[in-house]
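A.B. asks: Numbered by my numbering, the letters in the sequence shown go through residues 5 to 196 in order. Cβ atoms here follow ideal geometry from the backbone N, Cα and C, with glycine treated the same way. Below are the structure tokens for one structure; questions will follow.
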Amino acid sequence: MPHESFVPGSCYFYYPRLMCIVGVRDDAKRTCNFAPVAWTTPLSSDPPLFGICLSPSTYSHQLVLKTGEFTVNFLSHEHAPLAETLGKLSGRDTDKVKALTLKLEPGEALSTPSLAVAYASAECLLLERHHVGDQTLLVGEVQRIRTSPDAFDADGVLRLDRLNPLLYLGSSRYATTAAASLDRPASGVKSS
Ligand SMILES: Cc1cc2nc3c(=O)[nH]c(=O)nc-3n(C[C@H](O)[C@H](O)[C@H](O)COP(=O)(O)O)c2cc1C
5 MPHESFVPGS CYFYYPRLMC IVGVRDDAKR TCNFAPVAWT TPLSSDPPLF GICLSPSTYS
65 HQLVLKTGEF TVNFLSHEHA PLAETLGKLS GRDTDKVKAL TLKLEPGEAL STPSLAVAYA
125 SAECLLLERH HVGDQTLLVG EVQRIRTSPD AFDADGVLRL DRLNPLLYLG SSRYATTAAA
185 SLDRPASGVK SS
């Protein structure tokens, strides 16, 4: 079968991606705001840098620039409805913590809380921002990582036999991994 051809924007070739929920303090309203952000990436291990791409139209964008910090929170697959709902609301007009009765964990290194339900969260201090097309790449230095007990093994690798991470496929569709992906492939490509 011949390959198909798409114009940019009509095919989500960059998914699946690990779903991330970004948390930011909203000091003026004495609350915290959470928004799903699929476009995130680790950027450096030393220093530990993590990047999130936020549209300047989001309320979260405004809040990160104000507070200079954010948390990134990772959920298991069962929480897909929460991610979807958080993405339909804006902290501009809804206190999502109150409306969705979200339980928070206070920050340890910084003062931005994490989502209690997350299997892993990281507190990030905003270091840089870059305009990239219609997004802003916000680069945070990871200050502290919080994980659920037994979510990661001694090498710091996610236990897929215990946890089903939430992946995003695009177009409001979600997925997760299967335990088969625990296999460590042999290096090199074998010729048949
Ligand atoms: C699954 C999913 C992934 C999303 N990924 C991003 C993203 O990478 N960057 C972004 O700016 N908005 C993204 N959004 C949209 C924002 O989450 C959405 O506009 C949200 O309402 C913003 O909330 P806020 O105004 O409270 O910040 C995503 C939404 C969903 C549901």
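Measuring alpha carbon to alpha carbon, tell me which residue in Leu22, Lys33, Met5, Ile56 is nearest Tyr172.
C.D. replies: Taking only the C-alpha atoms, the option nearest Tyr172 is Leu22.
A.B. asks: Rounded to a whole number of angstroms, what is the C-alpha to C-alpha distance between Gly27 and Pro60?
C.D. replies: About 16 angstroms.
A.B. asks: From the DSSP secondary-structure annotation, give me the bridge partner or partners of Asp140.
C.D. replies: The sequence as given places Thr at residue 140; Asp does not occur at that position. DSSP, once it has assigned bridges, lists Leu58, His135 as partnering Thr140.
A.B. asks: Closer than 8 angstroms by C-beta to Leu47: which residues in its own chain qualify, once you throw out the five before and the five after it? Chain order, please.
C.D. replies: Once the five neighbours on either side are set aside, the close Cβ partners of Leu47 are Leu53, Phe54, Gly55, Val143.
A.B. asks: Comparing C-alpha positions only, which one of Val146, Gln139, Leu167 sits nearest to Thr75?
C.D. replies: Closest option to Thr75, Cα to Cα, is Val146.
A.B. asks: Rounded to a whole number of angstroms, what is the C-alpha to C-alpha distance between Gly72 and Leu131?
C.D. replies: Distance between the alpha carbons of Gly72 and Leu131 is about 8 angstroms.
A.B. asks: Comparing alpha-carbon positions, which option in Gly111, Leu69, His135 lies nearest Ala126?
C.D. replies: The shortest Cα separation from Ala126 among Gly111, Leu69, His135 belongs to Gly111.
A.B. asks: Do Ser64 and Ala84 have their C-beta atoms within less than 7 angstroms of each other?
C.D. replies: No. Outside cutoff.
A.B. asks: For ligand 1, is there any heavy atom lying closer than 6 angstroms to the beta carbon of Leu171?
C.D. replies: It does not: the Cβ of Leu171 is nowhere closer than 6 angstroms to a heavy atom of ligand 1.
A.B. asks: Is the Cβ-Cβ distance between Thr116 and Arg177 less than 7 angstroms?
C.D. replies: No.
A.B. asks: First and last residue of the beta strand (DSSP E) that includes Leu171?
C.D. replies: Run containing Leu171: 171–174, per the beta strand (DSSP E) assignment.
A.B. asks: Using only alpha-carbon positions, find the residue among Leu167, Ala155, Arg34, Tyr18 that is nearest to Thr44.
C.D. replies: Nearest option by C-alpha distance: Tyr18.
A.B. asks: Starting from the N-terminal side, write out each stretch of the beta strand (DSSP E) that is 3 residues or longer and does not extend beyond the segment 52–134.
C.D. replies: Within the segment 52–134, the complete beta strand (DSSP E) runs of at least 3 residues are 53–58, 73–78.
A.B. asks: Is DSSP giving Leu47 helix, strand or coil here?
C.D. replies: Leu47 falls in the strand class under three-state DSSP.
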